[in-house]
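Q: This is the structure, below, for whatever I ask next.
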Amino acid sequence: MFTYQYIRNEVKRRIKSQPATMIPPWVLDYIMKHIVDLPAGSIVVELGTFVGGTTVHITNANSNVVIHTYDNNQFDKYVDNPMLLHMRNIYDLPLLQASDIIEIQRLHLEDYDNIVMHVDDTTNIAETDI
C-alpha cells in the first residue's frame, strides 16, 4: 500500500509541478531542445524509466511524440537510493519508501496517452514492441 494514499491527489499535484529526474538540468535542457523539434508521430525510446520524471519532461516538450519507456521496475534494492532521498525532499514526503516507487511512477505517467510503459528486462526489447 502506498504510504501516502490518504493524500494521493496532493502528492500527484506536487509531482506534476516538479517531475522527478536525476538528469542534470543542462543535459535535460539539451535533450528537450531536440525533442521539441521532432515531427508528430515520432517514436522516442527511453531505457530506464525509474519514476518517469524524464518521460514527463519529454512529453511536456513535445506531446505529439510517442514515448516507449522501459524499466525492469525492481525497486526493492533502492532503500538508500539518491533518487528516493531526493523525492522525499522535493515532495516533502519524509516517510517515502522504496515500496512506494511504483506508485510514484504511476503518478508521473498515468495521465499521458502518448506514453507506453514496458516493464521488462531491457535486453529483451524487440522492434515489434515499439
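Residue numbers are given in numbering that gives the first Met the number 0: position 2 of the sequence shown equals residue 1, and the series is strictly consecutive.
C-beta atoms are modelled at their ideal positions from N, C-alpha and C, and glycine is treated no differently.
If you're wondering where the values come from, they're calculated on a predicted model, not measured in any experiment.
#1: Is S41 near V55, with beta carbons less than 7 Å apart?
#2: So if DSSP puts Y69 in a beta bridge, which residue, or which two residues, is it bridged to?
#3: Taking only the alpha-carbon atoms, compute the straight-line gap between R13 and A19 and give it to the nearest angstrom.
#4: Measure the C-alpha to C-alpha separation of I57 and M31 and round it to an integer number of angstroms.
#5: Could you check the C-alpha separation between I22 and G47 for me, to the nearest Å?
#6: Answer with buried or exposed for D99, where buried requires no fewer than 16 other C-beta atoms within 10 angstroms of its C-beta.
#7: Following the continuous alpha helix (DSSP H) through D28, name the residue where it begins and the one where it ends.
#8: V26 CB to nearest chain C CB: under 7 Å?
#9: What residue does the alpha helix (DSSP H) around I6 start on, and which one ends it?
#10: With respect to the alpha helix (DSSP H) encompassing M86, which residues constitute its N-terminal and C-terminal limits?
#11: Measuring straight from C-alpha to C-alpha, what distance separates D70 and I103?
#12: Would you kindly check if the distance between the Cβ of Q17 and the Cβ of I89 is under 7 Å?
A: Reading off the structure:
#1: no
#2: L46 and H117
#3: 10 Å
#4: 7 Å
#5: 12 Å
#6: buried
#7: P24 to I34
#8: In the structure shown, chain C cannot be found, because there is only a single protein chain.
#9: Run containing I6: none; DSSP gives neither H nor E here.
#10: P81 to I89
#11: 14 Å
#12: yes
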